[in-house]
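Reading through the structure tokens given below for one structure.
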Amino acid sequence: MICDLCHKNKAEYILEVNNEEGKRRYSLCESCLQEIVREVLQSSMLFEKEIKDLDNCPKCDREWEEIEESGIVGCSYCYVHFADKLESMISQYHGEKVHKGKAPKKTVKKMENILRYKIELSKAIENEDYEKAAEIRDILRKFGKKGE
Amino acid sequence: MKEFFYKYLKWIGEGNPYREVILSTRFRLARNIVDFPFPPQASTIQRKRLLNKVEWTLKNERNLAQFELWNVEKLPGVVQESFIEKHLMSDDQLNNLSGAGLIVDKSGKLSIMVNEEDHFRFQALSGGFDIKENWEDILSLEDLFSEYFSFAFEDKLGYLTSCITNLGCGLRVSFLVHLPGLVYSGRIKDFLRKIRASKILVRGLYGEGTKVIAGFYQITTRSSLGYSENQLVKKMGDIAQKIVQEEMLARELLLAEDKRLVEDIVGRAFGILRHAKYINSLETINLLSDIRLGVSIGIIDMPLRVLDLLLILTLPAHVQLREDKDLAPEERDGVRADLLRDVFKSYKIH
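Protein sequences appear in the order of chains G and B. To convert, count from 1 in the first sequence and add 21; that's my numbering. To convert, count from 1 in the second sequence and add 17; that's my numbering.
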């Protein structure tokens, strides 16, 4: 049997290709088979390289390329994940600067507190413990007043 | 929709110094929540979830009772546009409407854009030059929100923002200034070069990417990383006062050189505004700019506040709100001219 590709050498191998068009069989000689294997390996290495270049933030999935193009990051973790790459972009715009302004307050979780008291209130009402319910209502009323 | 015509414009007010040159002072703070994708990266559901959380906060926090919350997506287009004309929202806010919100107090002085480029954009607006009260107001509003939301922050970079240009304090201090003296005397180019050299941004009437019209410029902080808030506010305050000095000097020189010419410019503007039957918004801005100059040099007695209001009320969305219907451009030009004739008949030119 002659090789299906070069039509010269004797075919020693059978290559079965299974794709969308269905199964096809090729009879190949040693050198044509090697050529094909080399090409396949190369393209798969290329593919791997592309995957490596596509650097995404593990938290929000934003690609580095998008950030580089727009100067817009995807989430606060992007500043951690892309710290090295961002450093030069940031100093290019702002100069070699470090934050000197205020910092956020150690947050009081007001939302959680209000929710917790609201749940307690409905429980107290359910249990007909009106004294406790009135107490909680007073606490809830205090929310929103300055200094709370 | 008529109620939106005059709504949220009390901030223009009166008082505050340097009104002849400074139309308004604006403070803006960019804030984001930790562990939540920033709006440009967030999904529709995530954006809406934030808006829901904000709505809950407004209902539960008594100190926010004077604020109204608008789900921008649900507003008619003309109202959305009018919020931009009122300087409460940016064009960008309309690019992605899902979860887009606007929180605003009745005077329009304090507002917050939700889900614009950052989760929160706090804003304090004042007519004229005001770097004290404005600053205190915006800080206490931010403080209230910080009790409900943990803001993304890092020691070296400061407040973490969507765009790297806003890192640091996340603060922008801006002045909308009117510089006809420098424009008419041809000294504006040199002047702007000097301003830009001190790392200040110069933009058009409606901020980033908008055109400069009729000598109206936005002067804005370029970077807030590496400065304390007080340093930034002081620096911008000093620059604003220098701008006022230079512009007033330019106006004096202009008058000394050819008073009749300036009177002619102002007189023609007055004539058109007083008698025209059709007028488009660009021409209106240009003419109101000349009238503003006329008031400052004493040829017209008219409160500057009225002119600054007219600069907003004659814009396309506002004209349609006033009539409470969609109008074709030519119809708008007619309605605009009617409004202007009506206002200007109460004033005289010397």
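We put the beta carbon where it would ideally sit given N, CA and C, even for glycine.
- Interface with chain B (9 Å Cβ-Cβ cutoff): H120/G is included.
- Within the same chain, Cβ atoms closer than 6 Å to the Cβ of Y47/G are found at D25, L36, the five residues on either side in sequence being excluded.
- Contact of M110/G with chain B by beta-carbon distance below 9 Å involves I181.
- When Cβ-Cβ separations below 9 Å define contact, I93/G makes contact with chain B.
- Contiguous beta strand (DSSP E) elements confined to the stretch 187-273 of chain B occur at 188-195, 217-220, 233-238, taking only those with 3 or more residues.
- Using a CB distance below 7 Å, the part of the stretch 33-49 of chain B facing chain G consists of N49, ordered along the chain.
- Between I29/B and F84/B the beta-carbon gap is near 19 Å, outside 8 Å, which marks them as no contact.
- Annotated three-state conformation of S99/B is helix, per DSSP.
- For L356/B, the enclosing alpha helix (DSSP H) stretches over residues 346-361.
- Among the residues facing chain G, E90/B is not included, as its CB has no counterpart in that chain under 9 Å away.
- In this structure, S41/B places its C-beta atom within 9 Å of the C-beta atom of L193/B.
- DSSP places L67/B outside any beta strand (DSSP E); the residue lies instead in the alpha helix (DSSP H), whose first and last residues are 61-77.
- Per DSSP, F162/B lies in no beta strand (DSSP E); the unbroken alpha helix (DSSP H) holding it starts and ends at 150-163.
- Between the alpha carbons of W73/B and L330/B lies a gap of roughly 33 Å.
- For R83/G, the nearest CB of chain B lies under 9 Å from its own CB, placing it at the interface with that chain.
- Counting only the Cα atoms, E31/B lies some 22 Å from I101/B.
- In the three-state DSSP reduction, E134/B falls in the coil class, being neither helix nor strand.
- Under the Cβ distance rule, A169/B counts among the residues neighbouring chain G, one pair being separated by less than 9 Å.
- Rounded to the nearest angstrom, the gap between the Cα atoms of L177/B and A257/B is 28 Å.
- In the DSSP annotation of this structure, the continuous segment of the alpha helix (DSSP H) that includes A155/G starts and ends at 151-163.
- At least one CB atom of chain G sits nearer than 9 Å to the CB of T74/B.
- The three-state reading of DSSP puts N49/B in coil, since its state is none of H, G, I, E or B.
- Linking I93/G to I111/G through their CA atoms gives a straight-line distance of about 11 Å.
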